[in-house]
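First the structure, in the form of structure tokens, and then the observations on it.
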Amino acid sequence: MEKFSAYRDPGTGIHPFLPPTAPNPASARHYALLPVRAVAAVLRAALLLALATVWAAVRLLSLLLTPIPALYAPLAKGLDAALAQSCFLVLGFHITSELAAINRSKAKDLAHARWAPKGGDLIICNWVGWVEIVWFAAKYRATLVLPVAAPPAPPAAAAQGSPISSTGRRTGTGSAAISLPPPVSAQPRAPILGFRPVSLLQMLAAVGRAPPFFPRAEHQQGEPLEEIRKRAKGPVLVFPECTTTNGRALARFADVFGASTVPPKGYHVWLACVKYEAPTNLRPTLTQPTPATLPRTLLPLLASLHPQAVHLRQLNPAESPSAQTFLASSYVTEAARDPLAECAAALVAQLGRMRRTGLGWEDKVAFLEFWGRGRKRA
1 MEKFSAYRDP
11 GTGIHPFLPP
21 TAPNPASARH
31 YALLPVRAVA
41 AVLRAALLLA
51 LATVWAAVRL
61 LSLLLTPIPA
71 LYAPLAKGLD
81 AALAQSCFLV
91 LGFHITSELA
101 AINRSKAKDL
111 AHARWAPKGG
121 DLIICNWVGW
131 VEIVWFAAKY
141 RATLVLPVAA
151 PPAPPAAAAQ
161 GSPISSTGRR
171 TGTGSAAISL
181 PPPVSAQPRA
191 PILGFRPVSL
201 LQMLAAVGRA
211 PPFFPRAEHQ
221 QGEPLEEIRK
231 RAKGPVLVFP
241 ECTTTNGRAL
251 ARFADVFGAS
261 TVPPKGYHVW
271 LACVKYEAPT
281 NLRPTLTQPT
291 PATLPRTLLP
301 LLASLHPQAV
311 HLRQLNPAES
321 PSAQTFLASS
331 YVTEAARDPL
341 AECAAALVAQ
351 LGRMRRTGLG
361 WEDKVAFLEF
371 WGRGRKRA
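The opening position of the sequence shown corresponds to residue 1 in full-length UniProt numbering, with each subsequent residue numbered one higher.
The following block contains the structure:
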């Protein structure tokens with residue numbers, strides 16, 4: 001969209017924050033299937049409600065085993081994983097997790113490699129929507145965290161000016177004049193002050209948004225990620241982009257790990273990359289780069305008649321930054337402020353065969369403000 005050209009990454013030409021849309025307008029087939037889709041939505045909603053009821057009843061009974069952690073922990077993990085997988089199945093999701101190698105010389109080790117994060121480890125992944133949150137939380141009992149960030153610096157004076165009026169001849173849109181936002185370059189980085197552990201519902205509510213996630217002053221106190229990691233019972237799931245994208249490219253990784261050492265000591269780092277298929281008129285997108293209400297997110301999925309493919313690529317542990325044979329000098333320079341974040345960004349991009357952009361969550365804040373103004377005018 002021409003009006004969002006100010007938020008296009010100048011290096012790649014990619015809009016990382018613009019919601020994807022179906023390439024073709026709705027056809028007669030789309031409207032003819034509306035009654036069938038309505039029936040499918042009702043049936044799926046009933047099945048999800050039944051699953052939630054059964055899960056809640058069994059979960060309450062399992063609380064009787066709380067005094068026996070050796071029994072309660074695996075039972076609770078199994079119930080949560082079963083609920084998540086059942087819900088994904090009802091919604092028509094087909095999630096494939098693939099252990100992948102970047103270097104061909106390491107591919108021979110895949111047959112014996114295991115992707116098995118443990119308590120205190122870090123899982124680093126790109127952030128596209130809510131599916132990866134539920135999947136990691138259910139499968140690995142991951143600890144969920146959100147960054148506590150300083151407010152981003154105000155845009156440059158040029159970006160704060162009035163919109164630029166351009167004729168259709170200059171923009172290729174015809175003869176009508178349109179108003180464009182002034183060009184916005186990559187905003188300067190705002191420091192990440194720490195992290196806060198959050199519940200699954202809090203994490204899901206943050207999908208599509210950008211920092212600060214804790215606007216009130218009393219919630220601005222964050223903890224170092226290292227302290228959260230040390231006391232976590234499960235692996236800690238970290239999204240260094242600090243906001244969701246549309247999955248077309250990686251947003252700039254924030255300096256979330258500080259002056260970390262590579263390879264890190266005392267824990268392992270597990271890298272993953274999630275990718276979704278492009279939407280069609282009959283298959284909604286699973287990406288959520290902008291905030292959306294629960295009905296707006298759930299209703300298209302309930303009414304979808306096509307399976308939803310989710311591709312989750314997991315990096316071979318032998319190529320992880322925590323591998324003792326890992327050469328950090330191949331990915332970072334001495335000037336890097338966060339060596340682990342830089343290594344992770346390069347590896348995740350290669351793992352998912354994605355391009356990296358220079359736009360970060362600070363630019364997402366400006367994009368959401370402009371996006372919100374446009375929706376209000378509409």
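All C-beta atoms in this analysis are idealised placements derived from N, C-alpha and C, irrespective of residue type, glycine included.
Excluding its 5 nearest sequence neighbours in each direction, Pro264 has C-beta neighbours in its own chain below 6 angstroms: Ser322, listed in chain order. For Phe239, the secondary structure class from DSSP, reduced to helix, strand or coil, is coil. Residue range 269-276 is occupied by the beta strand (DSSP E) that includes Trp270, with no alpha helix (DSSP H) assigned at that position. For Pro289, the three-state secondary structure derived from DSSP is coil.
A direct Cα-to-Cα measurement between Ala366 and Pro211 gives close to 11 angstroms. When the alpha-carbon of Thr293 is set against those of Lys106, Ala76, Val207, Tyr31, the nearest one is in Val207. Arg313 has its alpha-carbon roughly 11 angstroms from the corresponding atom of Gln350. A buried status is given to Ile192, since no fewer than 16 other beta-carbon atoms sit within 10 Å of its beta-carbon. Restricted to the region 47-127, the beta strand (DSSP E) segments that are unbroken, complete and at least 3 residues in length are 93-100, 122-125, listed in chain order. The Cβ-Cβ distance between Arg189 and Glu362 falls below 9 angstroms.
Straight across, the Cα-Cα distance linking Leu43 with Gly194 is about 43 angstroms. Shortest Cα-Cα distance from Pro235 to any of Leu122, Glu98, Leu340, Gln85 involves Leu122. Beta-bridge analysis with DSSP links Arg355 to Ala249. The continuous beta strand (DSSP E) containing Thr143 extends over residues 143-149. Approximately 5 angstroms separates the beta-carbon atoms of Asp9 and Leu359; this is inside 8 angstroms, confirming the contact. Taking C-alpha positions only, Phe88 is separated from Ser5 by approximately 35 angstroms.
Taking 9 angstroms as the cut-off, the beta carbon of Val348 is found no closer than this to the beta carbon of Ile95. Here Gln288 is not near Pro23, since their CB atoms are 9 angstroms or more apart. Spatial neighbours of Cys343 in its own chain (CB-CB distance under 7 angstroms, excluding positions within 5 residues in sequence) are listed in chain order as Val262, Pro321, Ala328, Tyr331, Val332. Close CB contacts of Ala336 within its chain, under the 6 angstroms cut and outside five residues either way in sequence, are with Glu342 (chain order). If you draw a straight line from the Cα of Val36 to the Cα of Gly78, it is about 34 angstroms long. The beta carbons of Pro284 and Phe257 sit no closer together than 9 angstroms. Bridge pairing for Gly194: Val148 [DSSP].
Ala335 carries a coil assignment under DSSP once its states are collapsed to helix, strand and coil. Boundaries of the beta strand (DSSP E) around Val310: 308-315. In its chain, beyond the 5 residues on either side, Tyr331 have a beta carbon closer than 7 angstroms to the beta carbon of Ala346.
Of the other Cβ atoms in all chains shown, fewer than 16 fall within 10 Å of the Cβ of Tyr31; this residue is therefore exposed. Burial check for His306: the Cβ neighbour count within 10 Å stays below 16, so the residue is exposed. When rounded, the separation of the alpha-carbon atoms in Phe213 and Leu146 is 7 angstroms.
When the alpha-carbon of Asn103 is set against those of Pro317, Leu340, Trp371, Met354, the nearest one is in Pro317. Here the C-alpha atom of Val238 lies approximately 19 angstroms from the C-alpha atom of Pro16. Secondary structure note for His30: its alpha helix (DSSP H) is the uninterrupted segment 28-32.
For Glu223, the pairing in a beta bridge is given by DSSP as Phe195.
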